[in-house]
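Here is the structure we will look at.
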Amino acid sequence: MTVWTSRRLFLGGAASSSLLLVAGCGRKKEEQAPAPEPVVDGPPEGSLEWAVEGSWRSTEDKARDQWRHPMETLRFFGLQPAMKVVEFWPGGGWYTDILAPYIAKGRGKLFVAGFVEGEGADPAQVAVNNALKARLDSNRKLYGDVGFTHFGVGSGPVVDEPGTADMVLFMRYIHVWMAAGIAEKAFADAFAALRPGGILGIEQHRLGPDEDQDPAAANGYVQEGFVRQLAREAGFAFVESSEINANPDDTKDHPFGVETLPPTRRSSAPGEPPNFEFDHSKYDAIGESDRMTLKFRKPE
């Protein structure tokens with residue numbers, strides 16, 4: 532074999548080996564390529580959108596989102612997941628079902644100030660408290676460690692350490708507190724619970740500005756100016772208002788007050804049996820009540 536031929540064979544063999552090596556490297560790279568990320572449906576876990584869309588919320592509760600606008604309302608108040616928040620009178624937990632998972636994921640702390648208990652307490656209200664407690668305790672992984680306190684006549688602090696809460700929420704109960712004579716106490720207790728700079732968020736059935744304010748708010752509607760006055764007298768500074776929960780179709784002259792409208796759909800006066808012949812169609816067409824949405828701050 533000539534030198535030229537030997538060199539040609541050597542180069543040919545080297546080139547072949549290089550091609551095989553390159554090809555092999557290509558296959559190895561393909562084999563080691565990371566698998567594509569799985570497609571996740573829905574908003575990121577822990578986000579406010581995730582909490583609002585949560586599968587744990589009932590169909591009936593979600594159907595009311597079009598009237599209560601929970602995501603827009605809570606964003607307007609400035610809710611953040613790591614906050615310490617107090618929800619006054621959570622009732623059956625309509626808002627709690629959103630607040631608790633969101634705050635638990637953010638490592639914040641939620642307190643719910645339920646109805647007062649003990650001697651002389653309303654058995655129906657105690658039953659509501661117990662039902663909510665049982666539901667929250669049944670899924671600590673989802674709801675976190677929710678603090679349960681009380682608000683009412685003779686109640687104490689609504690948070691573990693006064694002056695440390697970042698936010699307090701009053702969601703559609705001021706008219707009830709007016710009837711019970713504890714509206715001023717509600718604002719005072721909220722002020723005591725909040726840290727300087729803390730936020731008080733309010734959603735409340737709104738009476739027309741030209742209507743006379745019933746001190747007991749028997750029809751469930753309250754003048755926005757009156758709510759601002761209560762907040763101001765307690766020491767709060769007004770920040771801003773929103774029309775997120777406004778309903779211009781609400782005429783506010785219903786036979787059984789605001790409870791004539793959905794979701795209560797009252798058909799008779801309190802204490803009387805339901806009137807099954809009552810025509811709900813007019814009031815169902817209105818939808819839920821016209822509501823003010825107000826934001827206040829505890830001065831620094």
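Heads up, the sequence shown is in my numbering, so the first residue is 532 and it goes up one at a time.
Ideal placement from N, C-alpha and C gives every residue a C-beta, glycine not left out.
Predicted model only: the values in this text are computed from it and were never measured.
Problem - Proximity below 9 Å, CB of Gly685 to CB of Val647 - result: yes
Practice task
Pull up the distance between the alpha-carbon of Arg606 and that of Pro804, whole angstroms please.
Solution key: 40 Å
Problem - Residues of its chain near Glu715, where Cβ-Cβ distance is below 6 Å and the 5 sequence neighbours each way are ignored - result: none
Problem - According to DSSP, residues forming a beta bridge with Phe807 - result: Phe807 is not bridged to any residue.
Handout entry: Simplified DSSP assignment, three categories, for Met709
Key = helix
Practice task
With distances taken Cα to Cα, identify the nearest neighbour of Arg822 among Pro786, Pro779, Glu831, Thr795.
Solution key: Pro779
Practice task
Give the straight-line distance between the Cα atoms of Val690 and Ala762, rounded to the nearest whole angstrom.
Solution key: 19 Å
Exercise for the section: Give the single residue among Asp697, Gln735, Val753, Pro632 whose Cα lies nearest to the Cα of Arg672. Expected result: Looking at the sequence provided, one finds Lys at residue 672 rather than Arg. If we check each option's Cα against that of Lys672, Pro632 comes out closest.
Exercise for the section: For Glu734, I'd like the list of residues in its chain whose CB is within less than 7 Å of its CB, leaving aside the five on either flank, ordered along the chain. Expected result: Thr604, Met702, Arg703, Asn776, Arg822, Thr824
Handout entry: Anticipated Cβ contact below 8 Å, Trp598 with Gly732, distance rounded
Key = That pair is no contact at about 17 Å.
Problem - beta-carbon Leu641 near the ligand ZN non-hydrogen atom, thresh 8 Å - result: As for the ligand ZN, it is missing from this structure, which has no ligand bound.
Practice task
Could you pull the start and end residues of the beta strand (DSSP E) that Gly732 belongs to?
Solution key: 725-738
Exercise for the section: Return the bridge partner residues of Lys640 from the DSSP annotation. Expected result: Lys615
Practice task
Could you check what DSSP says for Ala765 in three-state terms: helix, strand or coil?
Solution key: helix
Practice task
Report the three-state DSSP secondary structure of Phe771 (helix, strand or coil).
Solution key: This sequence places Glu at residue 771; Phe is not what is there. Note: Glu771 maps to strand in three-state DSSP.
Practice task
To the nearest angstrom, report how far apart Lys593 and Phe767 are at their CA atoms.
Solution key: 32 Å
Practice task
Given a cut-off of 9 Å, decide if Asp697 and Val602 are closer than it, judged by their beta-carbon atoms.
Solution key: Here residue 602 is Met; the residue named in the question, Val, does not match the sequence. No, Cβ-Cβ distance for Met602 and Asp697 is not below 9 Å.
Handout entry: Closest Cα partner of Gly739 within the set Asn750, Pro727, Glu755
Key = Glu755
Exercise for the section: Jot down the residue ranges of each uninterrupted alpha helix (DSSP H) in the stretch 662-697, minimum 4 residues, whole runs only, in chain order. Expected result: 671-674
Exercise for the section: Provide the residue(s) that pair with Arg483 in DSSP beta bridges, ordered along the chain. Expected result: The structure shown does not extend to residue 483, since the chain is modelled only from 532 through 831, so no value can be given for it.
Handout entry: Whether Gly687 touches Lys640 by CB criterion (9 Å)
Key = no
Handout entry: DSSP three-state assignment for Val659, whether helix, strand or coil
Key = helix
Handout entry: With 16 other Cβ atoms within 10 Å as the buried cut-off, status of Gly751
Key = buried
Problem - Assumed close pair Gly577, Gly623 - CB separation to whole angstroms, cut-off 8 Å - result: In fact, because the Cβ distance is near 24 Å, the residues do not count as touching under 8 Å.
Practice task
Using the Cα positions of Trp581 and Ser772, report the straight-line distance between them to the nearest angstrom.
Solution key: 26 Å
Handout entry: Bridge partners - Leu700, DSSP secondary structure assignment
Key = Glu618, Gly732
Practice task
Could you check which residue in Ala711, Leu667, Arg797 has the C-alpha nearest to that of Asp745?
Solution key: Ala711
Problem - As assigned by DSSP and simplified to three states, the class of Arg599 - result: helix
Practice task
Between the Cα of Ala724 and those of Leu700, Asn806, Glu790, spot the shortest distance and give me the residue it belongs to.
Solution key: Leu700
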